[in-house]
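Numbered per full-length UniProt numbering, the sequence shown spans residues 1 to 314. Idealized CB from N, CA, C, for every residue including glycine.
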Amino acid sequence: MSLPPALTSPGTPVAWPPGAVSATTDLDGPVRHLDLGGPAGAPVVLCVHGLGGSALNWGLLAPFLSRTHRVLAVDLFGHGGSGVPTGSRPDAVPADRRLLDRFVREVVGGPVVLVGHSMGGVLTVLQAAAAPETVRRLVLLSPPVPGTAGRLDPAIAAKLAFLRLPGVAGAVARRMAALPPEQVVDRQLRQATPHLHRIPADGIAAAVAETRDRAARPDAAAGRAEQWAALLGTMALLARPRAWRRTVAAVPVPTLWLHGADDPLAEVGRARALAATRPDWTFEVRPGIGHLLALEDPAWTADRILAGDGPGSR
Numbered sequence: 001m002s003l004p005p006a007l008t009s010p011g012t013p014v015a016w017p018p019g020a021v022s023a024t025t026d027l028d029g030p031v032r033h034l035d036l037g038g039p040a041g042a043p044v045v046l047c048v049h050g051l052g053g054s055a056l057n058w059g060l061l062a063p064f065l066s067r068t069h070r071v072l073a074v075d076l077f078g079h080g081g082s083g084v085p086t087g088s089r090p091d092a093v094p095a096d097r098r099l100l101d102r103f104v105r106e107v108v109g110g111p112v113v114l115v116g117h118s119m120g121g122v123l124t125v126l127q128a129a130a131a132p133e134t135v136r137r138l139v140l141l142s143p144p145v146p147g148t149a150g151r152l153d154p155a156i157a158a159k160l161a162f163l164r165l166p167g168v169a170g171a172v173a174r175r176m177a178a179l180p181p182e183q184v185v186d187r188q189l190r191q192a193t194p195h196l197h198r199i200p201a202d203g204i205a206a207a208v209a210e211t212r213d214r215a216a217r218p219d220a221a222a223g224r225a226e227q228w229a230a231l232l233g234t235m236a237l238l239a240r241p242r243a244w245r246r247t248v249a250a251v252p253v254p255t256l257w258l259h260g261a262d263d264p265l266a267e268v269g270r271a272r273a274l275a276a277t278r279p280d281w282t283f284e285v286r287p288g289i290g291h292l293l294a295l296e297d298p299a300w301t302a303d304r305i306l307a308g309d310g311p312g313s314r
């Protein structure tokens with residue numbers, strides 16, 4: 001595939017991961033992506049982070065994938081180096097889905113291997129279902145899942161109702177803004193995995209530095225609001241399990257789903273139950289890993305991605 005000018009012009013080197021370059025594109029708002037390397041003309045892997053994450057989350061995985069693929073990682077609105085949508089802000093989830101669609105069509109210029117982690121997995125499912133011509137293969141890393149198969153998930157719906165109460169968003173935003181970046185990152189990591197020792201110190205340091213930079217931006221408050229809206233929008237989708245299963249059923253592209261056995265945010269039994277509705281997908285569980293597959297075991301994760309999809313193995 002011949003790459004468009006956006007992927008052939010030089011970008012700005014970043015401090016971490018080594019060798020990565022950054023570029024920003026206007027996609028109804030400033031969208032930063034990292035080019036994490038790979039041969040020119042190779043198939044493109046596009047990586048999409050989860051809530052509160054950024055393109056840096058793929059820095060450990062990329063060296064394994066970039067031997068045979070061009071690896072790009074995009075920052076969703078309000079995350080990493082991206083800004084917020086211009087004009088009147090639509091709901092965050094549809095806005096981020098449109099961001100992905102435009103990025104594939106206008107920046108990459110052809111279908112991609114689309115890799116989504118956590119909330120990014122929800123977005124990539126939506127993209128694959130709505131625009132399968134943009135996705136060669138779909139890879140899901142620890143996506144969130146409803147706890148039931150009925151019309152409504154009462155636990156998610158109750159939490160969503162609380163988070164929507166007047167004053168809750170402001171209180172959470174003030175509390176997070178008051179925390180030092182080291183504490184923000186430490187809290188995020190400890191919520192995501194019981195195996196913090198598996199994440200290298202340089203990756204954590206890069207996340208802390210980016211969190212500090214993000215907090216100093218003029219649009220920091222707007223970015224936090226964008227992340228909050230993305231959280232609520234994702235929960236609203238998952239609060240309706242039956243409708244979400246219909247979306248999952250509508251994905252027509254080959255799909256690989258990887259999940260950590262010790263994931264505290266997306267329980268593996270629920271993941272297995274939802275994956276069982278798609279026996280044509282490949283579903284694999286990694287023992288001894290939490291929610292952060294690409295950080296906790298990038299070699300295994302890359303091996304499974306590069307192995308491709310086949311009949312589902314449970």
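What's the call for residue i, buried or exposed, on a 16-neighbour Cβ count within 10 Å?
i: valine 45; result: buried
i: alanine 275; result: buried
i: serine 313; result: Because the pLDDT of serine 313 is 35, which lies under 50, any placement of that residue in the model is unreliable, and the question is left without a value.
i: alanine 299; result: exposed
i: glutamate 106; result: exposed
i: glycine 310; result: Its pLDDT being 34, under 50, glycine 310 is placed unreliably by the model, and the measurement read from it follows with that caveat. Burial call: exposed.
i: residue 315; result: With the chain running from 1 to 314 in the structure shown, residue 315 is simply not present.
i: alanine 201; result: exposed
i: glycine 288; result: exposed
i: leucine 100; result: buried
i: glycine 241; result: It is proline, not glycine, that sits at residue 241 in the sequence shown. Proline 241 comes out buried.
i: arginine 304; result: buried
i: glycine 308; result: exposed
i: arginine 217; result: exposed
i: glutamate 296; result: buried
i: alanine 62; result: buried
i: arginine 187; result: exposed
i: arginine 155; result: According to the sequence provided, residue 155 is alanine. The question's arginine does not apply to it. Result: exposed.
I'd like to confirm the pairing. Which residues does DSSP put opposite residue i in its beta bridges?
i: threonine 282; result: Leu256
i: arginine 32; result: Thr24
i: proline 287; result: Looking at the DSSP assignment, proline 287 forms no beta bridge with any residue, so it has no partner.
i: proline 13; result: Val21
i: histidine 117; result: Leu141
i: leucine 46; result: Leu72 and Leu114
i: valine 135; result: Val112
Smallest Cα separation from residue i: which of the options?
i: aspartate 81; options: Gly37, Ala206, Ala239 and Asp263; result: Here residue 81 is glycine; the residue named in the question, aspartate, does not match the sequence. If we check each option's Cα against that of glycine 81, Ala206 comes out closest.
i: glycine 50; options: Pro94, Ser142, His33 and Val112; result: Ser142
i: alanine 178; options: Thr12, Gly150, Ala157 and Arg212; result: Arg212
i: lysine 159; options: Ala236, Gly109, Gly19 and Arg272; result: Ala236
i: alanine 290; options: Asp219, Ala130 and His197; result: Note that residue 290 corresponds to glycine in the displayed sequence, not to alanine. The option with the nearest alpha carbon to glycine 290 is His197.
i: alanine 149; options: Leu61, Ala273 and Phe162; result: Ala273
i: alanine 161; options: Leu232, Thr68, Ala128 and Gly41; result: Leu232
i: threonine 255; options: Gly269, Val139, Thr234 and Ala42; result: Val139
i: alanine 222; options: Pro39, Glu284 and Gly29; result: Gly29
i: arginine 286; options: Ala271, Asp280, Thr277 and Pro279; result: Ala271
i: alanine 40; options: Thr68, Gly52 and Gly11; result: Thr68
i: threonine 124; options: Arg174, Trp228 and Pro94; result: Pro94
Thinking residue i and residue j are a contact (beta carbons under 8 angstroms), I'd like their distance in whole angstroms, please.
i: serine 66; j: leucine 36; result: 6 angstroms
i: valine 31; j: aspartate 75; result: 7 angstroms
i: alanine 92; j: alanine 230; result: 4 angstroms
i: glutamate 210; j: phenylalanine 77; result: That belief does not hold up - the Cβ atoms of glutamate 210 and phenylalanine 77 are roughly 16 angstroms apart, past 8 angstroms.
i: serine 118; j: histidine 79; result: The Cβ separation is near 12 angstroms, so there is no contact.
i: proline 111; j: valine 135; result: 6 angstroms
i: proline 181; j: valine 208; result: 5 angstroms
i: valine 185; j: isoleucine 204; result: 6 angstroms
i: leucine 293; j: glycine 260; result: 6 angstroms
i: leucine 34; j: valine 14; result: 7 angstroms
i: arginine 97; j: glutamine 127; result: 6 angstroms
i: methionine 176; j: arginine 224; result: 7 angstroms
i: valine 48; j: glycine 120; result: 4 angstroms
i: tryptophan 58; j: alanine 73; result: 4 angstroms
Checklist entry - Does the region 248 to 262 come within contact of the region 177 to 191, defined as at least 3 CB pairs closer than 8 angstroms? => result No contact exists between the region 248 to 262 and the region 177 to 191.
Checklist entry - Can at least three beta-carbon pairs, one atom from the region 261 to 272 and one from the region 161 to 174, be found at a separation below 8 angstroms? => result The answer is no - the region 161 to 174 does not touch the region 261 to 272, with fewer than three Cβ pairs under 8 angstroms.
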